[in-house]
Amino acid sequence: MSGTLSVQVLVVGGGINGTGIARDLALRGVRTALVEKREFGSGTTWASSGMIHGGLRYLQKDPEVTLHSCVDSGHIQRIASHLVFRIPFLMPVFPEDPIGPELLEIGLEMYDRYQPLKNGRPHTRLTREQALRVEPALSPRLECAFTLDEWGVDAARLCAVNALDAAERGAIVRTHHEVVELLREGGSGRVRGARVRDRITGETQRIEAELTMNAAGPWVPELARMADVEVRLRPAKGIHLVFERRVTDVAVYARGVDGRDMFTFPHEQNSMAGTTDDDYYGDLDRIDTTEDEVVYVLEAMERSVPGIRRHRIVHTIQGVRPTLWGFGRNEDELSRDYAVIDHGERDGVPGLFTIAGGKLAAYRLMSEDATDRLCAVLGVREPCRTATTPLPGAEAPLDVEAVSRRFRVPVPAVVRLAFRHGERTRRVLAPFDPQPGAGAGPAPRVVCACEPVLDAELLHAAREEGVRTLEDCALRVRLGVGGCQGAACAGAAAAILGEVLGWSGERTACEVTDFAAERWRLLAPALAGPQLAAMEVHRAVHLGARGFAAAEGDA
Amino acid sequence: MRALVVGGGLAGAAAALELAERGAEVRLLRAAPGATALSWGTLDVAGAAPLPGGLPVRDPLRGEWLAPAARAVLLARRPAHPYGRLLPPEPTESAATALAKEATGALDGWLAPQGLRVMGSPESTLWIADVRGALRAGDFALTGTAEGALDDAAELAWVEMPGLAGWDARPAARAFAAERAALNLPARSHRVVRLELPPALLEPGGSPARLAARLETPDGLEVLRRALAPLGAEGRLLLLPPVLGLGGVARVLAALRESAGCRVGELAGAPPHAVAGLRLDRALAGALAASGVEQRGALVRAVVEQAGRAIGVELQGEEGATERLEAEAVVLATGRFVAGGLVERDGALAEPLLDLPLHDASGQRVDGTPARRLVVRAYTASQPLYEAGVRTDRRLRPLGADGRARLPNLFAAGDLIGGTDPAHDRSGLGVALVTGRAAGAEAFESLAESGARA
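For the record, the sequence lines run as chains A and B.
Mapping of the first sequence onto this note's numbering: position 468 corresponds to residue 453, and the numbering continues sequentially without gaps.
Add 5 to the 1-based position in the second sequence for this note's numbering, that's all there is to it.
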């Protein structure tokens, strides 16, 4: 079915920039449509370390980036208070390190000046013994250590929450929709929106827009080419390793064999380690981690955390940064600055804007800047309110114990929901509210035990949040992110989603197939140790059921 | 004449039972339940597969299917598949059928006194629905699961059990119905019925294994009988998740059939619904005890060799102490990664007891290789990592680096033998059973030889 929609602004790309801009536009009353070709945050944002930090690393070359990040980090902590968590960092100093503790401390003192902007505490210097007491997993070879303070966030969830808020404020929001062509005006070449295709149903639709914002991240050049303009990026691939449980209690710095800074840090129930930074010219729709990258990260981390190889890697994440083009001796030296391009001004193609580059920690500020530019063209005078308007869930704190009692959900599962949904946890659990007189219905049940994912959260995602595939749930509700990698939960979760979304048996089977295969793809390059047995069970569970039966001879 | 079997899954148990039956003194050592305890009530010698050529992988049921015996022949023709060493060099369907019938017949003989029967045939395909409503094609199944096999019952009734973790009857029934529609099979009359059990039997979020244990107590069974009675109807097949007892499944089924007045069966269930696997594990332990096999919980650290023969094994004792057990023949049935028969040690694949060479299905040496180098990106493909295992001669003796039997009186059985990816080939328990029996027979021969020599 092809219909036509008409809006003021079409935003292409559901990463942090696109969702941030869509929300800002919606808050200013601009009629907006947002299209994302997969799931919110499934491109670059998901693959980031999820840090709302200032970037100590950029202080030397890009103090502006550090300043912006720190200021905006403070804002994000207020508008997404339920979604952010403090990450204390330890920076161990080893005898062979080229920069000694004194010089390091000068840098940290400079960074201390930015800390109040993001509610961070000033650094402290720990003796070897103090550091080992704080983090026993540290290598005892250290001389001393410094602490510093950063903030983390579930980055994919942050995208979803921005998009959902935009939708609540009237924006049209579509996932699994890709742009097949940009609508051009004959003569002037003005961009007038796009024709988009639903990648699940195959249906196409025209979305007419006065302005089109290209926020496609690493796909920015591809979309720009559809309007015959060039945007040059220097795409840089980064990977993280994700561990089943926490490797360390606090984040720990490590140095790569090439001198690059890396870290391992607790992230929700997992720990992550990374990242890498390498020029990437491969297929953006299928980015695979390589063995080199896995070994590179482990070798770097091993110097700070010698036992890291004993921990179980459950998957890898990988993405490509849409870094602005530039020459640099290496990828790390490139600026993390961003740019908003008006293609009418720059290329004589009015109606099209691009945003590229930047950092997660300053997403709100970048979105504000981009939205200001769009509003100036549209003649909209409404001021930006994203720095003060709470995102859905952050409106008020949640009484975890009261919710636990009322909805018959154990406290740890409520704490987890509160982290993801904030005050809206009550809405997530509402269908399970025991009604007086009507008798208690079933209590919410745990579908994935790795991290207690409740059927209530899956139902909410399908009914209220517009989730469309089982794979979407890996990001949206963190389904199958632990040791089981979907062996225990994929089937049950698909059945629950299928019931709401009206999937056929065929479709349900395919969703499980795709989910299992994607977990394998993300894990395979880092498959090792105890996870070998877990995946042996995973394959026994999934292979051989309908949907997976392999024809004889395809071995 | 003492033989030692290392590993207590189906392969180890079959080897030990075979040895005991022939009159050997057998001791079986097991560290913990392994892959057998995670199985789901089906036992595929060579699970049916779509014919090669052109079938979309996701839609196997629309095409022609290969009967299990024919498939076993195909598996046996592969260069390294264990069936190739147990069937004649030019394998035929009748030879494969005979092998499967003989092996499952023997297993049935061992398990029947424990209340578990083996049903099915290598000449036909058994269709069994699992707890998600997906269809599985296999050749053999055990009591409970076998009764749930789909035939021409007039009506299927999916039994909803509010509170049971991971079981949702409605989506499963719907998925199953949609699957039949997709296959152009006549719509099957089916419905979902609700079985309420008191919290003392099934608490919210209750585990399938715990419920199974409660349901076979006299009180539990009585409650279940009464609750299920009104759900029966003429010509109906009541389908429950696998929870109908651990040791006493046959007794529970008989009681339920009688009270409901119709057929009752179980769905196949992968972990955490692997109650059928626990059942098989327990029944094997019972059969071993009945045959006089001494069973002991112990972790074997090494196989001890002397003058080119295995003379026993070393156990991990308490506080680092070691204990040595002597034997004249040793069968290794230590499994793969789940059971620890293969491990990744210092970033390289290894067989931990004797550092035996490991091979994938193409014959490539893979020990010493990191696991991540043995994976194929396509999930559904046969994975070299999970094909990895020891190679054996025709007497099932693992080969050493020189391509000859590593030790004349050491045998291998089950998943430890490589050359097949059990999940991909769907012949895991079948390989365990036939190689277990064969290794037991060979180990007995070896005992006889050493007896003659002495």
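Heads up, the beta-carbon is just placed ideally off N, CA and C, and yes, glycines get one too.
Self-check item: Minimum Cβ-Cβ distance from B/A260 to chain A less than 8 Å
Solution: Taking Cβ atoms only, chain A never reaches closer than 8 Å to B/A260, which makes this a no.
Quiz item: B/L207 touches chain A at which residues, Cβ-Cβ below 9 Å?
Solution: Within 9 Å Cβ-Cβ: nothing; B/L207 doesn't reach chain A, min ~12 Å.
Quiz item: Which partner residues does A/N255 have in the DSSP bridge list?
Solution: In the DSSP secondary-structure assignment, A/N255 is bridged to A/H252.
Practice problem: Identify the contact partners of A/V526 in chain B, using a Cβ-Cβ distance below 8 Å as the criterion. | Solution: Chain B residues near A/V526: A275 and P276.
Self-check item: Supposed close pair B/W163, B/A174 - CB separation, criterion 8 Å
Solution: Right, their Cβ atoms sit about 4 Å apart.
Quiz item: Could one say the Cβ of A/L512 lies closer than 8 Å to chain B's Cβ atoms, at least one of them?
Solution: Yes, its Cβ sits closer than 8 Å to a Cβ of chain B.
Quiz item: Going by DSSP, what residues sit across from A/D183 in a beta bridge?
Solution: In DSSP, A/D183 forms a bridge with A/H162.
Quiz prompt | Where B/G110 falls, given that 16 or more other Cβ within 10 Å makes a residue buried | solution = Exposed, because fewer than 16 other Cβ atoms sit within 10 Å of the Cβ of B/G110.
Quiz item: Beta-carbon separation of A/L44 and A/M95 under 8 Å?
Solution: Yes, these two residues count as a Cβ contact at 8 Å.
Practice problem: Report yes or no: is there a C-beta of chain B within less than 8 Å of the C-beta of A/V545? | Solution: Missing from the structure shown is residue 545 of chain A; chain A here goes from -14 to 540 and no further.
Quiz item: Helix, strand or coil: how does DSSP classify B/G106 here?
Solution: It should be pointed out that residue 106 of chain B corresponds to Lys in this sequence rather than to Gly. Looking at B/K106 - three-state DSSP - the assignment turns out to be helix.
Self-check item: Per-residue burial, A/E521 [other beta carbons within 10 Å of its own, 16 or more giving buried]
Solution: Label assigned to A/E521: buried.
Quiz item: Of the residues A/V15, A/P73, A/H67 and A/N104, which one's Cα is nearest the Cα of A/D57?
Solution: When each option's Cα is compared against that of A/D57, the closest is A/N104.
Quiz item: What are the start and end residues of the alpha helix (DSSP H) that includes A/E436?
Solution: Element bounds for A/E436: n/a, residue is neither H nor E.
Quiz item: When you compare each of B/P403, B/E328, B/V308 and B/G352 to A/V279 by their alpha carbons, which one comes out closest?
Solution: Checking every option, the nearest Cα to that of A/V279 belongs to B/G352.
Exercise. Thinking A/R42 and A/D262 are a contact (beta carbons under 8 Å), I'd like their distance in whole angstroms, please.
Key: About 11 Å; that fails the 8 Å criterion.
Quiz item: DSSP three-state call for B/P127: helix, strand or coil?
Solution: Coil, per DSSP.
Quiz prompt | Alpha carbon of A/R182 to alpha carbon of A/L337, nearest angstrom | solution = Between A/R182 and A/L337, the C-alpha separation is close to 20 Å.
Quiz item: At which residues does the alpha helix (DSSP H) containing A/E90 begin and terminate?
Solution: P86 to D97 is the extent of the alpha helix (DSSP H) around A/E90.
Quiz item: When the Cβ atoms of the segment 437 to 447 of chain A are set against those of the segment 90 to 100 of chain B, are three or more pairs found closer than 8 Å?
Solution: Too few Cβ pairs lie closer than 8 Å, so no.
Self-check item: Under 8 Å from the C-beta of B/E349: neighbouring residues of chain A
Solution: Those are A513, G514 and L517, listed as they occur along chain A.
Self-check item: Expected contact under 8 Å - CB spacing of A/A258 and A/H225 to nearest Å
Solution: Contact between A/A258 and A/H225 holds, since their C-beta atoms are separated by about 6 Å, short of 8 Å.
Quiz prompt | Residues of the segment 28 to 53 of chain B whose Cβ lies closer than 7 Å to any Cβ of chain A, in chain order | solution = Identification of residues in the segment 28 to 53 of chain B having a C-beta nearer than 7 Å to some C-beta of chain A yields L43 and G52, given in sequence order.
Quiz item: Does the count of Cβ pairs from the segment 203 to 221 of chain B and the segment 234 to 244 of chain B closer than 8 Å reach three?
Solution: For the pair of segments examined, the segment 203 to 221 of chain B was found not to touch the segment 234 to 244 of chain B: the number of CB pairs separated by less than 8 Å stays below three.
Practice problem: Would you check if there are 3 or more beta carbon pairs closer than 8 Å linking the segment 338 to 349 of chain A to the segment 188 to 202 of chain A? | Solution: Counting Cβ pairs under 8 Å, three or more are found: they touch.
Exercise. Return the chain-ordered list of same chain residues with a C-beta closer than 7 Å to the C-beta of B/V62, the five sequence neighbours on each side being excluded.
Key: At B/V62 the pLDDT is 34, less than 50, meaning the model places this residue with poor confidence; the figure from the coordinates comes in the next sentence. Sequence-distant Cβ neighbours of B/V62 in its own chain, meaning closer than 7 Å and more than five residues away, are T385.
Quiz prompt | Where B/E263 falls, given that 16 or more other Cβ within 10 Å makes a residue buried | solution = Exposed is the call here.
Quiz item: Checking contacts by CB at 8 Å: is A/I481 closer than that to chain B?
Solution: Yes, A/I481 counts as interfacial toward chain B.
Quiz item: Assuming A/L93 and A/L133 make a contact with CB atoms under 8 Å, what is their CB distance in whole Å?
Solution: With a Cβ gap of about 6 Å, A/L93 and A/L133 count as contacting.
Exercise. Hey, could you find the ends of the alpha helix (DSSP H) A/W136 is sitting in?
Key: Element bounds for A/W136: not the alpha helix (DSSP H) but the beta strand (DSSP E), C129 to V138.
Quiz prompt | CA-to-CA distance, B/A312 to B/L412, given in whole angstroms | solution = If you take the alpha carbons of B/L412 and B/A312, they lie about 10 Å apart.
Quiz prompt | Local conformation of B/F449 per DSSP, three classes | solution = Residue state, collapsed to three classes: helix.
Quiz item: For A/V164, which of A/L149, A/R210 and A/A140 has the nearest alpha-carbon?
Solution: Answer by Cα proximity: A/R210.
Practice problem: List the residues that DSSP assigns as beta-bridge partners of B/W163. | Solution: B/W163 pairs with B/V197 and B/L244.
Quiz item: Per DSSP, what kind of secondary structure is A/E276 in: helix, strand or coil?
Solution: It is helical.
Quiz item: Ends of the alpha helix (DSSP H) at A/A477?
Solution: Per DSSP, A/A477 belongs to the alpha helix (DSSP H) from A475 to L486.
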